[in-house]
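In my numbering, the protein residues as written are 38 to 470.
Ideal placement from N, C-alpha and C gives every residue a C-beta, glycine not left out.
This structure is a prediction, so every number in the text was calculated from the model and none was measured.
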Ligand code: S3P
């Protein structure tokens with residue numbers, strides 16, 4: 038277990054790129070595997086989570102060559118083999134849920150299992166609709182937590198209204214829909230990230246989107262593609278928030294994905310009064326990309342709720358840090374989903390901010406943060422959650438204090454270069470056992 042000690046340096050500034058988008062990297066492997074021909078992926082995120090996806094696909098007979106460019110040798114929609122052993126999905130909810138969608142269409146039985154955190158995460162949200170489509174899905178307890186054994190079947194298309202705005206649920210059902218008879222339609226309560234819709238179209242599968250409903254027809258084929266993965270805005274978030282709240286900072290992140298279904302953090306930083314500029318907006322591989330610069334300045338409180346929440350769900354831990362520094366009371370509501378992420382992020386983020394001296398009230402679906410109190414350095418328990426660990430690092434830099442972040446090795450699930458980049462910008466980081 039690694040303890041990461043973070044202290045501010047003399048400056049915190051620079052221009053940088055962040056690793057490839059995690060959501061898009063997972064999808065590039067999964068869709069590439071189901072395609073006919075080769076898929077070439079540039080800008081791919083190498084991390085423990087995406088390695089889990091690659092490992093599961095390899096276990097079903099897909100050849101994947103990792104390197105600066107990733108090559109996926111597609112086996113076609115019906116070319117996967119039954120795995121000889123359990124599929125290990127590690128810490129990755131995206132791997133687990135999207136894979137269940139694919140496995141629902143296979144003529145074999147497979148078991149997926151992950152780490153202790155994954156074993157707490159609800160999979161009933163995909164199991165229920167996949168059963169309606171005709172798959173047999175057996176998990177643990179009421180919420181169908183992993184390990185899960187799934188036997189694919191002849192699937193029928195369904196029209197399903199999911200109670201949660203979740204791109205993982207939507208994607209699992211659209212993937213299963215590729216194997217189903219007729220049309221599969223998923224309606225969400227709010228828009229979640231739309232990388233699956235965009236990328237499936239890139240692979241040649243028509244996906245119709247009508248308001249909050251996305252539809253696919255079974256029986257199509259995917260054709261191998263070049264996928265250019267943009268920088269991950271969820272990784273950039275730590276540097277953008279640091280740029281706004283670390284005294285004297287100025288940070289530019291180049292080539293970051295600014296898909297509107299993901300870019301809620303930019304709207305919030307703007308609403309809080311951050312010195313934010315967006316340049317070179319362009320489309321790369323079907324995804325909007327830009328260079329984003331943030332400079333330090335005073336922030337004011339804001340409200341985060343409603344349809345904004347799915348557009349920044351993974352950024353809420355670091356936005357809570359911004360709220361603790363801002364003047365006034367920030368309310369985060371409608372964010373109950375935070376309770377079922379890699380940790381219960383309402384609890385884990387509130388705890389470390391309070392330990393630093395912030396005034397945070399925990400609510401069932403969010404937090405109320407009264408900002409502007411002086412913060413002190415502390416010991417932070419990451420609870421094995423990468424985004425909690427990285428948010429605590431940003432909090433130390435902003436407050437000008439030292440945080441000792443325990444179980445920080447989890448950062449490698451999404452962002453193995455995080456501390457290297459922090460050092461490049463001027464922070465002091467030491468890793469110890
Ligand atoms: C993801 C969707 C989101 C997000 C997760 C990645 C995806 O989860 O929090 O980090 O790649 O589809 P939900 O679909 O559960 O909201």
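Assigned secondary structure, residue i (DSSP; H/G/I helix, E/B strand, else coil)
i: residue 415; result: coil
i: residue 236; result: helix
i: residue 181; result: coil
i: residue 79; result: strand
i: residue 205; result: helix
i: residue 55; result: coil
i: residue 44; result: strand
i: residue 147; result: strand
i: residue 420; result: coil
i: residue 39; result: coil
i: residue 134; result: helix
i: residue 50; result: strand
i: residue 111; result: strand
i: residue 158; result: coil
i: residue 391; result: helix
i: residue 441; result: strand
i: residue 74; result: strand
Host beta strand (DSSP E) of residue i (start-end)
i: residue 175; result: 173-177
i: residue 124; result: 124-127
i: residue 466; result: 465-469
i: residue 95; result: No beta strand (DSSP E) holds residue 95; the alpha helix (DSSP H) holding it covers 85-96.
i: residue 224; result: 220-224
i: residue 407; result: 403-408
i: residue 199; result: Counting along the chain, residue 199 falls outside any beta strand (DSSP E), and DSSP gives it neither H nor E.
i: residue 191; result: That residue, residue 191, is in no beta strand (DSSP E); it is neither H nor E in DSSP.
i: residue 396; result: 396-400
Residue i CB to nearest heavy atom of ligand 2 below 7 angstroms
i: residue 57; result: Within the structure as shown, ligand 2 is missing, the only ligands being ligand 1.
Under 8 angstroms between C-beta atoms of residue i and residue j
i: residue 162; j: residue 182; result: no
i: residue 187; j: residue 201; result: no
i: residue 66; j: residue 87; result: yes
i: residue 380; j: residue 431; result: no
i: residue 94; j: residue 128; result: no
i: residue 220; j: residue 254; result: yes
i: residue 191; j: residue 171; result: yes
i: residue 290; j: residue 276; result: yes
i: residue 356; j: residue 302; result: yes
i: residue 244; j: residue 211; result: yes
i: residue 27; j: residue 466; result: Because the chain in this structure spans residues 38 to 470, residue 27 falls outside the shown range and cannot be described.
i: residue 413; j: residue 324; result: no
i: residue 131; j: residue 177; result: no
i: residue 109; j: residue 76; result: yes
i: residue 269; j: residue 59; result: yes
i: residue 329; j: residue 293; result: yes
i: residue 49; j: residue 285; result: yes
i: residue 138; j: residue 260; result: no
i: residue 306; j: residue 326; result: no
i: residue 143; j: residue 189; result: yes
i: residue 333; j: residue 40; result: no
i: residue 375; j: residue 353; result: yes
Element boundaries [alpha helix (DSSP H), containing residue i]
i: residue 346; result: Run containing residue 346: none; DSSP gives neither H nor E here.
i: residue 432; result: 423-436
i: residue 163; result: 161-170
i: residue 448; result: Where residue 448 is concerned, there is no enclosing alpha helix (DSSP H), given that its DSSP letter is neither H nor E.
i: residue 460; result: 455-462
i: residue 100; result: Segment 100-102 is the beta strand (DSSP E) holding residue 100; no alpha helix (DSSP H) there.
Proximity test, Cβ basis, 8 angstroms: residue i and chain C
i: residue 138; result: Here there is only one protein chain, and chain C is not present.
**Residue ranges of each beta strand (DSSP E) within the segment 240-313, 3 or longer** = 245-247, 250-254, 263-265 and 287-294
**Asked** Can you list the beta strand (DSSP E) stretches of 3 or more residues lying completely in the segment 353-388, in chain order?
**Response** Here the runs fully enclosed are 365-369.
**Request:** Return the chain-ordered ranges of every alpha helix (DSSP H) run that is complete within the segment 314-343 and spans a minimum of 4 residues.
**Result:** With a minimum length of 4 residues, no continuous alpha helix (DSSP H) run stays inside the segment 314-343.
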